[in-house]
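Numbering (our numbering), first residue to last: 8 to 637. Comments concern the structure below.
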Amino acid sequence: MDILSVLTEKTQAALASLYEINEAEISFEKTNANFKGDYTFVVFPYLRFSRKKPEDTASDIGEYIQKEVEQVSGYNVVKGFLNLELSNDYWLDVAKNQAANGITIPNIGKDKKVVVEYSSPNTNKPLHLGHIRNNVLGFSYCQILLANGYEVIKNNLINDRGIHICKSMLAWQKWGNAETPESSGVKGDHLVGKYYVEFEKQFQAEFATWIETPEGNTELDKHKEAKVLEESKKKDSDADLSNDGILKSFKSNYKNNYFNNNSGLGSEVKTMLQKWEDGDEEVIALWKKMNGWVYDGFDSTYKRMGVSFDKIYYESDTYLLGKAMVQEGLESGAFFTKDDGSVWIDLTDEGLDEKIVQRADGTSVYITQDIGTADLKYKDFGMDKFIYVVGNEQEYHFKVLQLILKKLNKPYADGLYHLSYGMVDLPEGKMKSREGTVVDADELMEEVVATAQKQTEELGKTDGMSSDELTELYETLGMGALKYYLLKIDAKKRIMYDPKESIDFQGNTAPFIQFSYTRIASMLKAANEKKIDVTFEMPNELAAEEKELIVLLNAYPEAVNAAANHYNPSEIANAVYEIAKAFNKFYHEHIILGAKETNVRNFRLSLSKTCGETIKHGFSLLGIGVPERM
RNA sequence: GGUUCCAUAGCUCAACCGGAUAGAGCAACGGUUUUCUAAACCGUAGGUUCCAGGUUCGAGUCCUGGUGGAAUCACCA
Numbered sequence: 008m009d010i011l012s013v014l015t016e017k018t019q020a021a022l023a024s025l026y027e028i029n030e031a032e033i034s035f036e037k038t039n040a041n042f043k044g045d046y047t048f049v050v051f052p053y054l055r056f057s058r059k060k061p062e063d064t065a066s067d068i069g070e071y072i073q074k075e076v077e078q079v080s081g082y083n084v085v086k087g088f089l090n091l092e093l094s095n096d097y098w099l100d101v102a103k104n105q106a107a108n109g110i111t112i113p114n115i116g117k118d119k120k121v122v123v124e125y126s127s128p129n130t131n132k133p134l135h136l137g138h139i140r141n142n143v144l145g146f147s148y149c150q151i152l153l154a155n156g157y158e159v160i161k162n163n164l165i166n167d168r169g170i171h172i173c174k175s176m177l178a179w180q181k182w183g184n185a186e187t188p189e190s191s192g193v194k195g196d197h198l199v200g201k202y203y204v205e206f207e208k209q210f211q212a213e214f215a216t217w218i219e220t221p222e223g224n225t226e227l228d229k230h231k232e233a234k235v236l237e238e239s240k241k242k243d244s245d246a247d248l249s250n251d252g253i254l255k256s257f258k259s260n261y262k263n264n265y266f267n268n269n270s271g272l273g274s275e276v277k278t279m280l281q282k283w284e285d286g287d288e289e290v291i292a293l294w295k296k297m298n299g300w301v302y303d304g305f306d307s308t309y310k311r312m313g314v315s316f317d318k319i320y321y322e323s324d325t326y327l328l329g330k331a332m333v334q335e336g337l338e339s340g341a342f343f344t345k346d347d348g349s350v351w352i353d354l355t356d357e358g359l360d361e362k363i364v365q366r367a368d369g370t371s372v373y374i375t376q377d378i379g380t381a382d383l384k385y386k387d388f389g390m391d392k393f394i395y396v397v398g399n400e401q402e403y404h405f406k407v408l409q410l411i412l413k414k415l416n417k418p419y420a421d422g423l424y425h426l427s428y429g430m431v432d433l434p435e436g437k438m439k440s441r442e443g444t445v446v447d448a449d450e451l452m453e454e455v456v457a458t459a460q461k462q463t464e465e466l467g468k469t470d471g472m473s474s475d476e477l478t479e480l481y482e483t484l485g486m487g488a489l490k491y492y493l494l495k496i497d498a499k500k501r502i503m504y505d506p507k508e509s510i511d512f513q514g515n516t517a518p519f520i521q522f523s524y525t526r527i528a529s530m531l532k533a534a535n536e537k538k539i540d541v542t543f544e545m546p547n548e549l550a551a552e553e554k555e556l557i558v559l560l561n562a563y564p565e566a567v568n569a570a571a572n573h574y575n576p577s578e579i580a581n582a583v584y585e586i587a588k589a590f591n592k593f594y595h596e597h598i599i600l601g602a603k604e605t606n607v608r609n610f611r612l613s614l615s616k617t618c619g620e621t622i623k624h625g626f627s628l629l630g631i632g633v634p635e636r637m
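Laid out in structure tokens, this is it:
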């Protein structure tokens, strides 16, 4: 039985025996660093039973526990806080077990199967920093689930079809001069992205020209009238009603109308999509060719990020799946049909709106595809839970998706979870692919690895390493810094990234933690060369720095459980950082390899080894590697 | 306009179920190397936890109202 269970049991016994409080729900917390002790019990809630002062109540309980629990060596009382002190023998025993058993994570995911969908890129543009966060987060969370004993299916749903894909296809066809990744030397996904941007540029030009036509002018005037009227109703309107301001708001409001009703390019794209859906040979061939380029590009980006998948779905295979379920919903009465033939679900009783699930022309919308894919996942895997790693801008969407699945009485509906994470914003605001204000994934990875190289060379500690080893080292350090930067922040919070400030390598960073690891690795190597067998031995005494490490290492498995339960890899990052920091202090204060007494030396080496193993374990859960030297 | 989320040191972030004197890193200033890797360690300085109420023995954390910001409310994906 672990110590907290013992303490809980004995405290309950103390409350029952002293004050006749039965079946009290009690809990301990770690003693605040400013006070002496290891675990703290707060007695305020029990004063109405004890009818004594907080200090006296705490003392009574402390006295009882110290007598009953041999590991409790003492206690102190501050107001209503009972601080229990555990003996050094207890903590040394913990360290001994750590050394003997290695890292053991309580198996909270036993016999549970989870499908985690992450990455889910569009095949019309290269990946950017936001995608890196998604991938790194998704992959890390899968590693965490695995460490907790879950069966995990890492799943990628590739958005490989649709109007946006046709935009880059059409632009390449019109203005590409048959250029290929080979002929241009441009990575495939970047080349396709170039034509997606080109389409947008040409489309905007066409739109601007059209606004000058009588037809365009009429629409602009209508917009202006409506806008002025609308703003005049507001008390303190700060809307820009100058000609430029009106033009800008018109462009953003009318863009979709223009694309659908007036644009030549728009109608060409729509024709192309129709041809794609009809299986037109030429369009399919172009689609396959350009998607192939993108996949080649993605493969190398994924490889560098170190992420992988067990199952890949392609939207081109799955986008029709939801239709059968629309039929099912109509028959069960979950959905209803409007006059124009479109199909809807009424979610007003859930505090949401009516939501369309099928257009009047019978084609499916985004959410219908997700309904179909959820069902496919369940057929393929029969999972207990299925998780979507998707940005928080889609929270409403997943709320609706789950409600629909519930109304369709799907047995898996309750297993849906949206792992919603915050956007990565630039100082100027949100990244926008179409406007080119993105931090490109490939460029950023290149940059951060180059920084790692520069820093390493400046420190000049890598004599004798081969160029292959150095390349690997720079990759481990640079990618580590980047991933850690993204993962140390609570997943649900947004991240501000300023491209002008490079990613740190000092302080709370991956290289700091990796450095701590190499210190350990290098000591263990030296120990090995001296034929020292690293086994746990009891030291003569326990220093504060040593105890702190044991306590932190002891807390690590709980952090791994918590990270899984809270959908939050940052808890692992924090735990590992605390360990690395405590190790560096310990390393600074005490001689390890050179300790005079053999038992002290072996104790410290053993403790360091456990530390190194935990750092490596934790980093592997973040998808980050550790070097043996740096 | 409705709904949801966010606001902590100059900057970037911590703070487990409501617990004690709110912690780190960066930046600034000062110190530490004949000892296992100084990408390190130690110290100084930096706070009305956005504001106003409320609940509680106790509030950064819960509730109400306000201020500021973001997302969303598409027959886009």
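Even glycine gets a Cβ: it sits at the ideal position worked out from N, Cα and C. Bear in mind that the values here come from a model prediction, so they are computed numbers and not experimental data.
- Taking all protein chains shown into account, H573 has fewer than 16 neighbouring C-beta atoms within 10 Å of its C-beta and is therefore exposed.
- Q401 has its alpha-carbon roughly 8 Å from the corresponding atom of S427.
- Comparing C-alpha distances from L423 to each of K406, D470, K414 shows the shortest one belongs to K406.
- For N606, the enclosing alpha helix (DSSP H) stretches over residues 605–628.
- In terms of Cβ geometry, I622 and I496 do not form a close pair [threshold 8 Å].
- Rounded to the nearest whole angstrom, the CA to CA distance from D421 to L412 is 9 Å.
- For V199, the uninterrupted alpha helix (DSSP H) run begins and ends at 195–219, by DSSP.
- Between the beta-carbon of E544 and that of F610 there is about 5 Å, and that keeps the pair under the 8 Å contact cut.
- W182 is classed as exposed because its beta carbon has fewer than 16 other beta carbons within 10 Å across all chains shown.
- With respect to A571, L152 sits close: the two C-beta atoms are nearer than 8 Å.
- For Q105, the closest of S627, C618, G436 by C-alpha to C-alpha distance is C618.
- By the criterion of at least three beta-carbon pairs nearer than 8 Å, the segment 389–400 is in contact with the segment 117–131.
- A residue is called buried once 16 or more other Cβ atoms fall within 10 Å of its Cβ, and V235, having fewer, is exposed.
- In chain order, T130, N298, Y321, E322, S323 place their CB closer than 6 Å to the CB of D167, counting only its own chain and leaving out the 5 sequence neighbours on each side.
- Inside the segment 31–118, DSSP marks whole alpha helix (DSSP H) runs of 4 or more residues at positions 54–57, 61–75, 95–108, from first to last along the chain.
- By the criterion of a C-beta distance shorter than 6 Å, V84 is surrounded in its chain by E62, A65, S66, once the five residues flanking it on both sides are discounted.
- Burial of M390 is indicated by the presence of at least 16 other C-beta atoms within 10 angstroms of its C-beta.
- Taking all protein chains shown into account, R526 has 16 or more neighbouring C-beta atoms within 10 Å of its C-beta and is therefore buried.
- The beta carbons of K194 and G304 sit about 5 Å from each other, so the pair counts as a contact at 8 Å.
- In the structure shown, the three-state DSSP call for K258 is helix.
- Per DSSP, the unbroken beta strand (DSSP E) holding D353 starts and ends at 350–353.
- Residue burial annotation: P518 is buried, with at least 16 other C-beta atoms found within 10 angstroms of its C-beta.
- Contact between L600 and L614 does not hold, since their C-beta atoms are separated by about 12 Å, which reaches or exceeds 8 Å.
- The alpha-carbon of L433 is positioned some 17 Å away from that of E454.
- In the three-state reduction of the DSSP assignment, Y321 falls in the strand class.
- Taking T605 as the centre and dropping the five residues before and after it, the same chain places the C-beta of E544 closer than 8 Å to its C-beta, in chain order.
- Counting the other Cβ atoms within 10 Å of the Cβ of H135 gives 16 or more, which makes it buried.
- When the alpha-carbon of E357 is set against those of V333, Q409, D346, the nearest one is in Q409.
- In terms of CA proximity to Y419, D382 leads the group K310, D382, L451, S440.
- Contact annotation, A550 with V541: C-beta distance approximately 19 Å; criterion of less than 8 Å not satisfied.
- By the 16-neighbour rule on beta-carbons within 10 angstroms, R58 is exposed.
- In the DSSP assignment, L383 falls within the alpha helix (DSSP H) that extends over 373–388.
- Between the segment 325–334 and the segment 140–160 there are fewer than three C-beta pairs closer than 8 Å, too few to call the two in contact.
- Taking C-beta separations shorter than 8 Å and ignoring five residues to either side along the sequence, the partners of L628 in its chain run S147, Q150, I151, A154, V567, A570, P576, I579, following chain order.
- In this structure, the beta-carbon distance from I115 to F388 does not fall below 8 Å.
- Checking the DSSP bridge columns, you'll see S577 has no partner listed.
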